[in-house]
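In what follows, a single structure is set out as structure tokens and then discussed.
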Amino acid sequence: MVEKFDVIVVGAGPSGNSAALRLAQAGLSVLQLERGETSGSKNVQGAILYADALEKLIPDFREDAPLERHIIEQRMWVLDDDSYIGSHYRSDAFNKQPYNRYTMIRSQFDKWFSERVQKAGALVICETTVTNLLLDNQRVIGVQTDRQGGEIYADAVILADGVNSLLAKKAGFHPELQPKDVALAVKEIHFLPQELIEQRFNVKDDEGVVIEMVGKITKGMMGTGFLYTNRESVTIGVGCMLSDFKKQNTTPYALLEQMKAHPAIQPLIQGGEMKEYTAHLIPEGGYNAMPDLYGDGWMIVGDAGMFVNAVHREGSNLAMTTGMHAADTLIELRKEGKEFSKTNLKRYQSKLDESFVMKDLKKYKDMPDVFHTNPQFFNDYPEMLSKAARTMLTVDGVDKKTKEKEIRHDFRRRRSLFGLVGDAFKLWRAFE
Amino acid sequence: MSVVVKVEEKLFQNRYKVDSGRPHISIIEEDKCRNACQSHACTVCCPAGCWTMEGNGNVTVISDGCLECGTCRIICDEHHNVSWEYPRGGYGILFKFG
Numbered sequence: 024m025v026e027k028f029d030v031i032v033v034g035a036g037p038s039g040n041s042a043a044l045r046l047a048q049a050g051l052s053v054l055q056l057e058r059g060e061t062s063g064s065k066n067v068q069g070a071i072l073y074a075d076a077l078e079k080l081i082p083d084f085r086e087d088a089p090l091e092r093h094i095i096e097q098r099m100w101v102l103d104d105d106s107y108i109g110s111h112y113r114s115d116a117f118n119k120q121p122y123n124r125y126t127m128i129r130s131q132f133d134k135w136f137s138e139r140v141q142k143a144g145a146l147v148i149c150e151t152t153v154t155n156l157l158l159d160n161q162r163v164i165g166v167q168t169d170r171q172g173g174e175i176y177a178d179a180v181i182l183a184d185g186v187n188s189l190l191a192k193k194a195g196f197h198p199e200l201q202p203k204d205v206a207l208a209v210k211e212i213h214f215l216p217q218e219l220i221e222q223r224f225n226v227k228d229d230e231g232v233v234i235e236m237v238g239k240i241t242k243g244m245m246g247t248g249f250l251y252t253n254r255e256s257v258t259i260g261v262g263c264m265l266s267d268f269k270k271q272n273t274t275p276y277a278l279l280e281q282m283k284a285h286p287a288i289q290p291l292i293q294g295g296e297m298k299e300y301t302a303h304l305i306p307e308g309g310y311n312a313m314p315d316l317y318g319d320g321w322m323i324v325g326d327a328g329m330f331v332n333a334v335h336r337e338g339s340n341l342a343m344t345t346g347m348h349a350a351d352t353l354i355e356l357r358k359e360g361k362e363f364s365k366t367n368l369k370r371y372q373s374k375l376d377e378s379f380v381m382k383d384l385k386k387y388k389d390m391p392d393v394f395h396t397n398p399q400f401f402n403d404y405p406e407m408l409s410k411a412a413r414t415m416l417t418v419d420g421v422d423k424k425t426k427e428k429e430i431r432h433d434f435r436r437r438r439s440l441f442g443l444v445g446d447a448f449k450l451w452r453a454f455e
Numbered sequence: 007m008s009v010v011v012k013v014e015e016k017l018f019q020n021r022y023k024v025d026s027g028r029p030h031i032s033i034i035e036e037d038k039c040r041n042a043c044q045s046h047a048c049t050v051c052c053p054a055g056c057w058t059m060e061g062n063g064n065v066t067v068i069s070d071g072c073l074e075c076g077t078c079r080i081i082c083d084e085h086h087n088v089s090w091e092y093p094r095g096g097y098g099i100l101f102k103f104g
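Chains as they are written, first to last, in my numbering: chain A, 24 to 455; chain B, 7 to 104.
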């Protein structure tokens with residue numbers, strides 16, 4: 024007997040789970056394949072959950088989803104070797120239900136999400152790696168798995184197989200990723216008593232803090248660091264473009280160790296017990312680096328389709344939204360009695376174009392290039408800002424006008440007036 | 007400021023189910039690593055330290071501690087000399103927290 028489903032979803036991260044849930048809820052027969060022992064056991068994220076995208080799929084998620092803390096304060100730090108200059112935004116508005124952002128622990132969250140998918144009626148099979156797509160000419164007709172007799176057929180396959188996107192690459196749908204289009208992030212989770220976290224970060228109950236960091240912690244590479252508060256742990260990590268790691272011959276875990284030892288960061292994690300070290304690639308190439316997103320019998324969702332807004336550190340919400348739109352496309356076509364052909368699946372692209380997903384990705388399409396070609400944003404400016412702040416804040420008998428002159432002189436010496444104006448212009452154009 | 011880091015101590019905290027005798031990453035042509043490649047970026051940038059530059063100039067990979075990120079494959083963009091598959095279902099890194 025040949026096994027055949029309406030849809031096979033490859034991967035059980037946020038994009039795959041969103042697609043599978045939606046399809047199963049609409050009554051389509053869904054097989055979801057996951058290579059980990061459970062949904063989540065192969066997945067890595069910071070992790071911030073943006074409520075809006077999940078709410079559209081599971082309106083009552085707050086009732087039983089494993090959430091850590093809701094974010095009431097966002098800190099942005101620009102770090103020098105021994106200082107940081109930064110801005111903090113904290114508001115009690117973020118303390119009003121329904122909360123907008125949460126920290127979470129990915130493996131727990133994904134497991135919960137997967138239970139919802141199974142309850143909706145999808146068949147979820149774990150510990151099964153999909154090794155190839157089954158093709159009839161250019162049409163995807165199913166998948167080959169690493170189980171015996173592991174050929175399974177479907178009218179459509181949704182590729183939610185993550186950043187490496189091996190299946191679409193093997194099928195010739197897109198080329199290999201470029202080092203300039205992916206960031207490598209390494210991260211640790213440190214456990215600390217709940218009260219200690221609340222004291223250190225000036226929060227109570229389930230309130231949480233996010234710290235996003237740029238500057239010399241990335242040694243001039245294009246990248247950022249982060250520290251998120253969970254209930255009884257903090258996650259701390261740093262990520263930079265893979266092309267920069269290669270160019271600078273830098274070892275990622277050494278970079279993380281140096282960041283952890285920074286005098287502004289070390290006291291926040293002191294005494295914690297490190298219980299896991301993870302690494303993950305983040306597809307940050309943006310709009311210009313996106314692959315084809317659909318074809319005859321297939322669609323790409325989530326990280327596999329490079330759906331990450333690197334500027335705003337958003338990814339899981341794009342993953343969920345793309346999974347939802349891919350599913351909705353199939354549900355509509357099935358209702359209309361139309362086949363899952365490339366021509367008909369163009370509707371997926373239209374749905375994305377109309378949503379925040381493509382609008383945001385298009386808006387920041389030039390951002391990766393600006394930062395790739397202008398490393399001063401990650402090296403010179405942090406030092407210049409730190410020195411300026413230190414000069415102004417040190418009371419030493421020098422008058423303030425002379426201090427301002429000194430700062431201006433330093434800025435011009437390091438970047439020239441044209442350089443400064445040019446940098447401002449580049450940033451404005453890229454953010455516009 | 008330099009910090010000495012042993013990645014083994016970090017990986018020790020992680021949970022793995024190693025597929026003994028069936029490595030999911032391998033070098034396609036060992037000669038290329040030895041003679042054609044100048045950077046040996048894999049030996050520096052792999053976040054799990056799976057890649058080693060031996061004293062005799064050979065590059066070796068032991069994927070037991072692999073975090074399955076894909077760095078080594080993508081960073082080998084001049085020579086495309088890394089054969090990289092996901093481990094068999096259920097094997098490899100099993101993230102406790104992720």
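C-beta: ideal position from N, C-alpha, C; glycine also.
Cβ neighbours of residue i in the same chain (closer than 8 Å, five flanking residues each side left out)
| i | result |
| --- | --- |
| I99 (chain B) | N20, R21, Y22, C72, L73 and E74 |
| Q131 (chain A) | G63 and P89 |
| K369 (chain A) | Y317 |
| A287 (chain A) | W100, L102, S106 and Y107 |
| V257 (chain A) | I212, H213, L215, I220, L250, Y251, L291, I292 and G295 |
Neighbourhood of residue i by C-beta distance below 7 Å, restricted to the same chain and skipping five residues each side
| i | result |
| --- | --- |
| M236 (chain A) | W100, L102, T247, G248 and F249 |
| Q48 (chain A) | A143 |
| A412 (chain A) | I108 |
| K410 (chain A) | D433 |
| G173 (chain A) | Q167 |
| L375 (chain A) | T345, H348 and M381 |
| D403 (chain A) | R437 and R438 |
| H285 (chain A) | L102 and I240 |
C-beta neighbour in chain B for residue i, strict 8 Å
| i | result |
| --- | --- |
| Y276 (chain A) | yes |
| T301 (chain A) | yes |
| K458 (chain A) | The first residue shown for chain A is 24 and the last is 455, placing residue 458 (chain A) beyond what the model contains. |
| L341 (chain A) | no |
| G59 (chain A) | yes |
| Q293 (chain A) | no |
| G309 (chain A) | no |
| Q68 (chain A) | yes |
| S38 (chain A) | no |
| S64 (chain A) | yes |
| L416 (chain A) | no |
From the options, residue whose alpha carbon lies closest to that of residue i
| i | options | result |
| --- | --- | --- |
| G262 (chain A) | A:E211, A:F224 and A:R92 | A:E211 |
| H197 (chain A) | A:S373, A:G318, A:A447 and A:E218 | A:G318 |
| M329 (chain A) | A:E96, A:K283 and A:K388 | A:K388 |
| A42 (chain A) | A:K423, A:T345, A:K374 and A:L443 | A:T345 |
| E199 (chain A) | B:A54, B:L17, B:Q44 and B:G76 | B:G76 |
| D25 (chain B) | B:E60, B:G104 and B:E91 | B:E91 |
| V147 (chain A) | A:R113, A:V30, A:G320 and A:H335 | A:V30 |
| K385 (chain A) | A:W135, A:A312 and A:G320 | A:A312 |
| D315 (chain A) | A:E337, A:Q372 and A:D351 | A:Q372 |
| A342 (chain A) | A:M415, A:P306, A:E362 and A:D169 | A:P306 |
| E299 (chain A) | B:K12, B:V11 and B:K16 | B:K16 |
| V324 (chain A) | A:F28, A:G39 and A:E26 | A:G39 |
| K192 (chain A) | A:K358, A:W321, A:F28 and A:D178 | A:W321 |
| A206 (chain A) | A:R254, A:H303 and A:N397 | A:H303 |
| D83 (chain B) | B:I68, B:G95, B:Q44 and B:G63 | B:Q44 |
Any C-beta of chain A under 8 Å from that of residue i
| i | result |
| --- | --- |
| A42 (chain B) | no |
| C56 (chain B) | no |
| C39 (chain B) | no |
| I34 (chain B) | no |
| S45 (chain B) | yes |
| E60 (chain B) | no |
| N87 (chain B) | no |
| C75 (chain B) | yes |
| C51 (chain B) | yes |
Strand pairing of residue i, partner residues [DSSP]
| i | result |
| --- | --- |
| M347 (chain A) | The partner list for M347 (chain A) (beta bridge, DSSP) is empty, contrary to what the question assumes. |
| H213 (chain A) | A:V257 and A:M297 |
| E235 (chain A) | A:M99 and A:F249 |
| Y73 (chain A) | A:R124 |
Beta-carbon contacts of residue i that lie in its chain and below 6 Å, excluding the five residues immediately before and after
| i | result |
| --- | --- |
| N332 (chain A) | D383 |
| D104 (chain A) | K239 |
| Y125 (chain A) | L72, L90 and H93 |
| D184 (chain A) | V33, G34, L190 and A327 |
| M297 (chain A) | E211 and H213 |
| G55 (chain B) | V13 |
Distance cut-off 7 Å: residue i Cβ against heavy atoms of the ligand HEM
| i | result |
| --- | --- |
| L416 (chain A) | With respect to the ligand HEM, the structure offers nothing, as it holds no ligand at all. |
Q: For the stretch 424-444 of chain A and the stretch 268-280 of chain A, state whether three or more C-beta atom pairs, one from each stretch, are separated by less than 8 Å.
A: Contact between the stretch 424-444 of chain A and the stretch 268-280 of chain A is absent: fewer than three C-beta pairs spanning the two stretches fall below 8 Å.
Q. Is it true that the stretch 112-123 of chain A meets the stretch 147-155 of chain A, where meeting means three or more beta-carbon pairs spaced less than 8 Å apart?
A. no
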